[in-house]
Amino acid sequence: MSKVSISEAAKRFKVSRNTVYKRIAQGALTKDADGLLDVSDLLRVFSGNVQEQAIRTRFNKNDEQGYDHIAQQLEQVQQENVQLKQLLAVNEMLVNQLQQQITDLRQDKENLFNQLGQRRIESRDQPEQRKGLFSKLFG
233 MSKVSISEAA
243 KRFKVSRNTV
253 YKRIAQGALT
263 KDADGLLDVS
273 DLLRVFSGNV
283 QEQAIRTRFN
293 KNDEQGYDHI
303 AQQLEQVQQE
313 NVQLKQLLAV
323 NEMLVNQLQQ
333 QITDLRQDKE
343 NLFNQLGQRR
353 IESRDQPEQR
363 KGLFSKLFG
C-alpha cells in the first residue's frame, strides 16, 4: 500500500489531526522516518469512520498511476542501458583496432631498424671506391 502524510490522512479519513496524533501516541498507528503513515494501518484503525472500499479504490488508482510512471521510467532506463552497451561495444572495437595498429607500427619500426642495421653492415664490408672527376660530375 502507499504512504500518506498525517494531514492527508486526517482529510481522507475525516478525522482531526489531533486524533491521528493521539492514535500514534497510543501505538495504534506508526509513522516511518519521514513521518508518513501506512494506508493499511489507517484503514485498520479508522475503518468505522469511512467506507473502506471507497478509500481502497482511491488509493489503488493512485498506486496504478504511480506504477505506470515507474514502468515508463524503467523502460527508459532499459533503453538507455541498451544504448550504452552498444556504445561500449563500439568503443571496445575501436580500442582493439588501435592496439592492433600500435602493434603493427612497432613491428614496422623494428623491421626498419633491422634493414638500417643490415645496410650499415653492407656499407662497412664494401671497400671505399675512389671516384674520378667524371664520375663525381656525372654519376
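Following this note's numbering, the numbering of the sequence shown begins with 233 at its first residue and continues without gaps. Beta carbons are placed, not taken as given, at the ideal position from N, Cα and C, and that holds for glycine.
Residue i versus residue j - alpha carbon distance
i, j, result
"I334", "E342", "12 Å"
"V327", "R352", "37 Å"
"M325", "Q318", "11 Å"
"G349", "V309", "59 Å"
"R249", "V271", "15 Å"
"D300", "L306", "10 Å"
"E312", "L330", "27 Å"
"V322", "K263", "50 Å"
"G364", "E354", "23 Å"
"D340", "Q304", "54 Å"
"K254", "S279", "16 Å"
"K368", "Q347", "27 Å"
"D336", "Q358", "33 Å"
Environment of residue i [buried if 16+ CB atoms lie within 10 Å]
i, result
"L344", "exposed"
"V277", "buried"
"R356", "exposed"
"A320", "Strictly speaking, residue 320 in this sequence is Leu, with Ala absent from that position. Under this definition L320 is an exposed residue."
"F370", "exposed"
"R338", "exposed"
"E284", "With a pLDDT of only 49 at E284, under 50, the local geometry of the prediction cannot be trusted, and no value is derived from it."
"F366", "exposed"
Which of helix, strand or coil DSSP assigns to residue i
i, result
"V247", "coil"
"L348", "helix"
"L261", "coil"
"D270", "strand"
Whole-angstrom C-beta distance between residue j and residue i, which should lie under 8 Å
i, j, result
"V247", "L261", "That pair is no contact at about 11 Å."
"L275", "A241", "That belief does not hold up - the Cβ atoms of L275 and A241 are roughly 10 Å apart, past 8 Å."
Validate contact between the stretch 255-274 and the stretch 234-243 using beta carbons, cut 8 Å, 3 pairs: yes
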